[in-house]
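First residue of the sequence shown: 2, per the working numbering; consecutive thereafter.
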Amino acid sequence: MMRTEELTLDAARSMERLRLAESRLARRRQTECGPSENARAAMRFILERADAGDAATPRGIAEYLGISSPSVSAILDRLHAGGMIAFEPHPQDRRSKLVVPFDRSTDIDRLDPLTARIRDLAEELSPDAAAEIARFLDMITDAVERECA
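Dropping the structure here:
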């Protein structure tokens, strides 16, 4: 096999190992590590919206996560019960509510320390390597998003 083919195969195998590791992590988090992956993603979205000066809505969270409104309601109920979020009336739509972080001093990296660790690892890359890896991961993300869509 040519060297290029070997490197390509290594990259594909590494990506598959990452997918398997993330799948195992998601299962462990469901049973052992507190909030689910969707709850963590919802909280990150809520914090990012707050940082941008906007409030999230349940519908916006559902669209962002690609899950149903009842599933989002259950996630938000758990986050609210845990003191992570609060609800406010929507100023333009009485039927809707805004979702805001209860305590904006919450560090997003505390919600998912793995995110901080990944960022630290990425800082060790050269700019060219970081750009190439980002391009590759974006292509993988697009392929995953299109699968069974």
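C-beta atoms are modelled at their ideal positions from N, C-alpha and C, and glycine is treated no differently. Owing to the predicted nature of the structure, the values given are computational and were not obtained by experimental measurement.
Per the DSSP secondary-structure output, A87 pairs in a beta bridge with V101. In the displayed model, A57 falls within a strand according to three-state DSSP.
E49 carries a helical assignment under DSSP once its states are collapsed to helix, strand and coil. In the DSSP assignment, R95 falls outside any alpha helix (DSSP H), carrying neither H nor E. In the three-state reduction of the DSSP assignment, I119 falls in the helix class, which pools H, G and I.
With contacts defined by Cβ atoms closer than 7 Å, G84 and F103 form a contacting pair. For P71, the number of other beta carbons within 10 angstroms of its own is below 16, and it is reported as exposed.
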